[in-house]
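Undergrad: Below is the structure I would like to discuss, written out as structure tokens.
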Amino acid sequence: MRDKLRLSDLSVLYVCLSHEWTTIERRCLADANYFRNIGGSSFILCHEKSLLDREAEKESLPRIYFPTDLTTWRSKLNFYFQIQLLLQKQQLDLIHSYNYESLIPLGMILKGMPQIPMLFTFNRNISWKRSSFLDKWFISRTDSVLTFSSNIRELAIESFPLSSRKFHVTGAGIDFPAKINRAQHPETKKKIITFIPRTEENLESIKVLLDSIPPLLHGLEQIGFKQQLIFTFLTDISWYEHPIYDALKRIVLERHLEMNVSFETRSLSTKSFQDCDIFIGLPMDELFSDQDLYALVTQTPVLLPRTSTRQQVVKQGKFGETYHPEDGRELRDKMIKILTNYSNYLEELSGVELELQEQHHFERYAEELYSLYEKLYSQRLRYTQKKKKLA
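Offset between the sequence shown (1-based) and our numbering: plus 28.
And the structure:
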């Protein structure tokens, strides 16, 4: 143990066992990368050849691999022994997990290692066995739960058997551009963007959107709306590599929508949305999505699947609307509402990026996160030193 604490002296293990590429995996990569850049030692525990592994390799971040998912007690025990060996071979000062499934085996280990604090970033609904004393006991070893917004914090408090003082709102921690440069489209055209994750294999939610386009165009024509609508499907890999590209293109052709649909590849960032007039979010398991935030930062009206978190994001209709994920009719009606009242949404969104910066700017996030690292490490250090003196 170190007597004098400097964050640059610490080694942190970032645990993210996932094959997906969502907000939580991007957050894990950004956290590990930034901590390495301020002088600390970062290690990512992930699946080999997962998307997180590939992206971490691009950043030259060291990885440690675990081969299976934590779906059974046998895999959790294997995980337990692997982490135990890792902790014996290499001094780790702190563990930051992004998967609920890893909390129980990590809690098992850390019950016997009181000097190491553990944080967990919460962004998915969870279900733990409330009747299981062991589950509750192991999860109680979590020192801090991080959330991206206040209403997610409230949900996390309801979900976890932990004291409310352990729950913190960090914001999403994204970089904001120095200046928002919105592209100016001709008055005769509106560009509507939908982002399709590179791991998306389910066409159902996209079909709901595609099926809503013909009646949407007809409804707009009936009320004399003259602008052409271009629905752009974005992804962050080549569309020729995307698992649903062929099927999606076939549906577009079957519905004769080729004049209204385009496909583009862009990295996921604020710049990806600067030529967007409206952003439509698709249903996802995440409680909070960085996609929604990137769109709002560029003062883009949004239409998002209805959840309590996303209703807070749109401020009950100020910055956009929400729809039921399976209701194509409501999606169509909300699109018509946004298009016919477009100037009102733009007026409400004017300056919204300043408000979002206060909540979600990376500098605020980093300050909150690393003050927690320092606080929890120092608390654990004092606790173990006190135990040694009493022994």
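Built from N, CA and C at the ideal position, the CB exists for glycine as well. Source: prediction; values computed, not measured.
When DSSP labels each residue in this structure, what does I251 get in the three-state scheme?
TA: In this structure, I251 counts as coil in the three-state DSSP scheme.
Undergrad: Between the alpha carbons of S155 and R283, how many angstroms are there, rounded?
TA: 40 angstroms
Undergrad: So, under 8 angstroms CB-CB, L122 and P95 are touching, yes? Tell me the CB distance rounded to an integer number of Å.
TA: Not confirmed; about 24 angstroms, so no contact.
Undergrad: Could you tell me the distance, in whole angstroms, from the CA atom of F347 to the CA atom of N151?
TA: 22 angstroms
Undergrad: How would you label E314, buried or exposed, when you count the other beta carbons within 10 angstroms and need 16 or more for buried?
TA: buried
Undergrad: Can you tell me whether M287 is buried or exposed? The criterion is at least 16 other CB atoms within 10 Å of its CB, across all chains shown.
TA: M287 should be labelled exposed.
Undergrad: Going by DSSP in three states, V280 sits in which element: helix, strand or coil?
TA: V280 falls in the helix class under three-state DSSP.
Undergrad: Is V380 helix, strand or coil by DSSP?
TA: helix
Undergrad: Taking the alpha helix (DSSP H) that T368 falls in, what are its first and last residues?
TA: 356 to 368
Undergrad: Given a cut-off of 7 angstroms on the beta-carbon distance, is the pair Y128 and T149 in contact?
TA: no
Undergrad: Among E76, G199, D203, R181, which one has its Cα closest to the Cα of R193?
TA: R181
Undergrad: Does the segment 106 to 114 come close enough to the segment 384 to 398 that 3 or more CB-CB pairs lie under 8 angstroms?
TA: no
Undergrad: Using 8 angstroms as the threshold, is the segment 246 to 261 in touch with the segment 374 to 381, meaning 3 or more CB pairs across them?
TA: no
Undergrad: Is DSSP giving I66 helix, strand or coil here?
TA: Coil.
Undergrad: Looking at C-beta atoms only, is the number of pairs between the segment 297 to 313 and the segment 221 to 237 that lie closer than 8 angstroms three or more?
TA: yes
Undergrad: To the nearest angstrom, how far is it from the Cα of I270 to the Cα of R226?
TA: Correcting the residue type first, residue 270 is His in the shown sequence and not Ile. When rounded, the distance between both Cα atoms is 6 angstroms.
Undergrad: Take S399 and list the residues in its own chain whose beta-carbon comes closer than 6 angstroms to its own, dropping the five residues that flank it on each side.
TA: none
Undergrad: Using a Cβ-Cβ cut-off of 8 angstroms (strictly less than) and excluding sequence neighbours within five positions of E229, which residues of its own chain qualify?
TA: P271, I272
Undergrad: Quick check: D264 and L237, are their CB atoms within less than 7 angstroms of each other?
TA: Between D264 and L237, the gap from beta carbon to beta carbon reaches 7 angstroms or more.
Undergrad: Which one of L321, K139, D274 has the shortest CA to CA distance from I202?
TA: Across the set L321, K139, D274, the C-alpha of L321 shows the shortest separation from the C-alpha of I202.
Undergrad: Relative to the C-alpha of E215, which residue among T50, F261, W165, Y370 is closest?
TA: It is Y370.
Undergrad: For T96, does the three-state DSSP call read helix, strand or coil?
TA: coil
Undergrad: With V325 as the anchor, note down where its alpha helix (DSSP H) starts and where it stops.
TA: 318 to 325
Undergrad: Rounded to whole angstroms, what's the CA-CA distance from H352 to P311? Just pull it up for me.
TA: 9 angstroms
Undergrad: For Y273, which beta-bridge partners are listed by DSSP?
TA: In the DSSP assignment, Y273 is bridged to no other residue.
Undergrad: Measuring only the C-alpha atoms, how far is G356 from E292?
TA: 24 angstroms
Undergrad: Between Q116, Q119, K104, which has its C-alpha nearest G135's C-alpha?
TA: Ranking Q116, Q119, K104 by Cα distance to G135 puts K104 first.
Undergrad: How many angstroms separate the CA atom of M29 from the CA atom of K403?
TA: Low local confidence applies: a pLDDT of 45 at M29 is under 50, so the model's placement there is unreliable, with the coordinate-based value given in what follows. Their Cα atoms are separated by approximately 15 angstroms.
Undergrad: Is the CB-CB distance between S39 and S69 below 7 angstroms?
TA: Between S39 and S69, the C-beta spacing is below 7 angstroms.
Undergrad: I need the straight-line Cα distance from L45 to H75, nearest angstrom please.
TA: 6 angstroms
Undergrad: What are the start and end residues of the alpha helix (DSSP H) that includes F161?
TA: 161 to 167
Undergrad: Going by beta-carbon coordinates alone, are T170 and A184 separated by less than 7 angstroms?
TA: no
Undergrad: Nearest by alpha-carbon distance to F261: which of F307, T51, E53 is it?
TA: F307
Undergrad: Where does the unbroken alpha helix (DSSP H) through I180 begin, and where does it stop?
TA: Start and end: 178 to 187.
Undergrad: When the Cα of K343 is compared with those of Q319, L384, E186, which residue comes out closest?
TA: L384
Undergrad: Which partner residues does R91 have in the DSSP bridge list?
TA: I72
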